[in-house]
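For reference, the structure discussed in these notes is given below.
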């Protein structure tokens, strides 16, 4: 999100991140930004006021509260404590009082029920309104904005209602009747061809080694198919869904990149042609991170950061729309 907003002209002033290694990645790529908090639940008025005193008024607050509690790949428990972290975002919003605000989350958030009995999406929209913001929720697919990946996300776009109305969602630039969708091959065709266990010149282009029996299940599986589809029952995994042990398709946008993309048993994690899971470099490109973006720390942490990120190109499309709205704002006279 921050990379997309910076590329659209916003200056990143500060960030809150609980994971130390992810915070280090953030700091390396946004040296101009201060880490002003770790656990957002403990990010209090004193810290916020100190930041505002040092930084001055804030134009935009952006964030993506952890989404695992709402995701189809999780258990989707209504009592998952991560489901309530959006309330801390709204608490910070009410104290910081930026002109604009953007919240991003998984599409399935809108179908989950909160403690009120209403959808979580309705609770979030109500929270924005109670904080004094006009808000618009929109469902966007990253592939429609030049990202080589099918990834649907819900965005809440908000404007301080004293200044105006929430903007329209950004208009897709790719897809039917527009520029062609970008594919897995568009993103990764210049990378070295690797099989399981092999290492490319790029340190992040390293293929995980997999058990021989798993490789045997997958060697003859065509693009877009799963080992669960094999005619020979002996070459089918003993458990799982037909979305697991499944190959991507070279000439189509990739399936949604998740934090488990290094697991060959995960959902649609198998390379279209090689018999292995995706490398970190491939996943970063499918998310539209430039190769210049600096990743560090444990490989598992890097995978988590990539899989949880909003694709920078999608974030930039949202940011450009918010920037246009920001330039048009004029404060209404107080009654």
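Numbering (the numbering used here), first residue to last: 6 to 340.
We put the beta carbon where it would ideally sit given N, CA and C, even for glycine.
Review point. Helix, strand or coil for residue 247 per DSSP?
Key: Residue numbering aside, residue 247 sits at position 242 when the chain shown is read from its first letter. Coil, per DSSP.
Exercise for review: To the nearest angstrom, report how far apart residue 55 and residue 312 are at their CA atoms.
Suggested key: In the chain shown, residue 55 corresponds to position 50, counting from 1. In the chain shown, residue 312 corresponds to position 307, counting from 1. CA-CA distance, residue 55 to residue 312, rounds to 32 Å.
Point to revise | Runs of alpha helix (DSSP H) wholly within the segment 129 to 172 (minimum 4 residues, chain order) | key: none
Review point. Alpha carbon to alpha carbon, how far is residue 193 from residue 49?
Key: Within the chain shown, the letter at position 188 stands for residue 193. Within the chain shown, the letter at position 44 stands for residue 49. About 43 Å.
**Study point:** Element boundaries [alpha helix (DSSP H), containing residue 67]
**Key:** For this step, residue 67 is matched to residue 62 along the chain shown. Not the alpha helix (DSSP H): residue 67 falls in the beta strand (DSSP E), residues 65 to 68.
Practice item. Compute the distance between the beta-carbons of residue 147 and residue 103, then report whether it is under 7 Å. Key: Here residue 147 refers to the residue found at position 142 when the chain shown is read from its first residue. Here residue 103 refers to the residue found at position 98 when the chain shown is read from its first residue. Not closer than 7 Å, so no.
Exercise for review: Go ahead and pull the three-state DSSP assignment for residue 97.
Suggested key: As a position in the chain shown, residue 97 is number 92, starting the count at 1. Three-state result, residue 97: helix.
Practice item. For residue 77, I'd like the list of residues in its chain whose CB is within less than 7 Å of its CB, leaving aside the five on either flank, ordered along the chain. Key: By 1-based counting over the chain shown, the position of residue 77 is 72. Low confidence applies here, because residue 77 scores a pLDDT of 47, under 50, leaving its location unreliable; read the following figure in that light. The residues are 113.
Check your understanding: If you scan the segment 234 to 292 from start to end, which runs of the alpha helix (DSSP H) of 4 or more residues do you find wholly inside it?
Key -> 285 to 291
Review point. What does a CB cutoff of less than 7 Å around residue 254 pick up in its chain, not counting 5 residues either side in sequence?
Key: Taking the chain shown and counting its residues from 1, one reaches residue 254 at position 249. In the same chain as residue 254, and ignoring 5 residues on each side of it, the C-beta atoms closer than 7 Å to its own belong to 189, 228, 229, 277, in chain order.
Exercise for review: Please classify residue 70: is it buried, with 16 or more other beta-carbons within 10 angstroms of its beta-carbon, or exposed?
Suggested key: For this step, residue 70 is matched to residue 65 along the chain shown. Label assigned to residue 70: buried.
Exercise for review: Compute the Euclidean distance between the alpha carbons of residue 130 and residue 288, then round it to the nearest angstrom.
Suggested key: One-based indexing of the chain shown puts residue 130 at position 125. One-based indexing of the chain shown puts residue 288 at position 283. Cα-Cα distance, rounded: 32 Å.
Practice item. Could you give the DSSP three-state label for residue 43: helix, strand or coil? Key: Here residue 43 refers to the residue found at position 38 when the chain shown is read from its first residue. It is coil, neither helix nor strand.
Exercise for review: Verify whether the separation of the beta carbon atoms of residue 260 and residue 252 is less than 7 Å.
Suggested key: Walking along the chain shown from the start, residue 260 turns up at place 255. Walking along the chain shown from the start, residue 252 turns up at place 247. The answer is no: Cβ separation not under 7 Å.
Practice item. Measuring alpha carbon to alpha carbon, tell me which of 41, 19, 62 ends up nearest residue 5. Key: Outside the displayed range of the chain (6 to 340) lies residue 5, so it cannot be described from this structure.
Practice item. Would you kindly work out how many angstroms separate the C-alpha atoms of residue 196 and residue 296, rounded to a whole number? Key: Your numbering for residue 196 matches position 191 in the chain shown. Your numbering for residue 296 matches position 291 in the chain shown. Near 12 Å, if we compare the C-alpha coordinates of residue 296 and residue 196.
Review point. Apart from the five residues just before and just after residue 92, which ones in its own chain have a Cβ nearer than 8 Å to its Cβ?
Key: As a first step, residue 92 is located in the chain shown; it is residue number 87 there, counting from the start. Contacts found: 132.
Practice item. Could you name the residues of the same chain whose beta carbon sits closer than 7 Å to that of residue 204, not counting the 5 residues immediately before and after it, in chain order? Key: Looking up residue 204 in the chain shown gives position 199. So the qualifying residues of the chain are 211.
Check your understanding: Quick one: is the Cβ of residue 154 within less than 6 Å of any heavy atom of the ligand GTP?
Key -> The ligand GTP is not part of the structure shown, which contains no ligands of any sort.
Exercise for review: Measure from the alpha carbon of residue 111 to the alpha carbon of each residue in 142, 266, 207, then state which is nearest.
Suggested key: Along the chain shown, read from residue 1 onward, the residue named residue 111 stands at position 106. Comparing Cα-Cα distances from residue 111 to each of 142, 266, 207, the minimum goes to 142.
Practice item. Would you be able to state if there are at least three C-beta pairs under 8 Å between the segment 261 to 269 and the segment 171 to 189? Key: No: fewer than three Cβ pairs fall under 8 Å.
Review point. Contact check, residue 224 vs residue 306 under 8 Å by CB: the rounded distance?
Key: Start at 1 with the first residue of the chain shown, and residue 224 comes out as number 219. Start at 1 with the first residue of the chain shown, and residue 306 comes out as number 301. Between residue 306 and residue 224 the Cβ distance is about 31 Å, and since that is not below 8 Å, they are no contact.
Practice item. Return the chain-ordered list of same chain residues with a C-beta closer than 8 Å to the C-beta of residue 90, the five sequence neighbours on each side being excluded. Key: As a first step, residue 90 must be located in the chain shown, where it is residue number 85. Answer for residue 90: 45, 46, 70, 71, listed in chain order.
Practice item. Drop a sphere of 10 angstroms on the beta-carbon of residue 181, count the other beta-carbons inside from all chains shown, and report buried for 16 or more, exposed for fewer. Key: In the chain shown, counting from the first residue as 1, residue 181 sits at position 176. The residue is exposed, with fewer than 16 neighbouring Cβ atoms inside 10 Å.
Exercise for review: In angstroms with no decimal places, state the Cα-to-Cα distance between residue 60 and residue 309.
Suggested key: The residue you call residue 60 lines up with position 55 of the chain shown. The residue you call residue 309 lines up with position 304 of the chain shown. Rounded to the nearest angstrom, the two C-alpha atoms are 30 Å apart.
Practice item. Decide if residue 340 is buried, meaning its Cβ has at least 16 other Cβ atoms within 10 Å, or exposed. Key: Taking the chain shown and counting its residues from 1, one reaches residue 340 at position 335. Only weak support exists for where residue 340 lies, its pLDDT of 49 falling under 50; the value from the coordinates is given anyway. Its Cβ having fewer than 16 others within 10 Å, residue 340 is exposed.
Check your understanding: In angstroms, rounded to a whole number, what distance separates the CA positions of residue 290 and residue 153?
Key -> Counted from its first residue, the chain shown places residue 290 at position 285. Counted from its first residue, the chain shown places residue 153 at position 148. Answer to the nearest angstrom: the Cα atoms are 8 Å apart.
Review point. Per DSSP, residue 10 forms a beta bridge with which residues?
Key: For the purposes of this step, residue 10 is taken as residue 5 along the chain shown, with counting starting at 1. Residue 10 pairs with nothing; no bridge assigned.
Exercise for review: Kindly list the residues whose CB is nearer than 7 Å to the CB of residue 286, restricted to its own chain and excluding five residues on each side of it in sequence; keep chain order.
Suggested key: The residue given as residue 286 occupies position 281 in the chain shown. Here the set comprises 196, 207, 209, 210.
**Study point:** Residues that DSSP places opposite residue 19 in a beta bridge
**Key:** Mapped onto the chain shown, residue 19 falls at position 14. Beta-bridge pairing links residue 19 to 39.
**Study point:** For residue 211, the residue or residues it bridges with in DSSP
**Key:** Taking the first residue of the chain shown as 1, we reach residue 211 at position 206. Beta-bridge pairing links residue 211 to 204.
Check your understanding: Among residues of its own chain, excluding the 5 on either side of residue 8, which ones have a beta-carbon nearer than 6 Å to its beta-carbon?
Key -> Within the chain shown, the letter at position 3 stands for residue 8. These residues qualify, in order along the chain: 317.
Practice item. Taking only the alpha-carbon atoms, compute the straight-line gap between residue 162 and residue 28 and give it to the nearest angstrom. Key: Translated into positions along the chain shown, residue 162 becomes position 157. Translated into positions along the chain shown, residue 28 becomes position 23. Residue 162 and residue 28: Cα-Cα distance of roughly 25 Å.
Review point. How would you write the range of the beta strand (DSSP E) that residue 107 sits in, first residue to last?
Key: Locating residue 107 in the chain shown gives position 102, where the first residue counts as 1. Per DSSP, residue 107 belongs to the beta strand (DSSP E) from 105 to 111.
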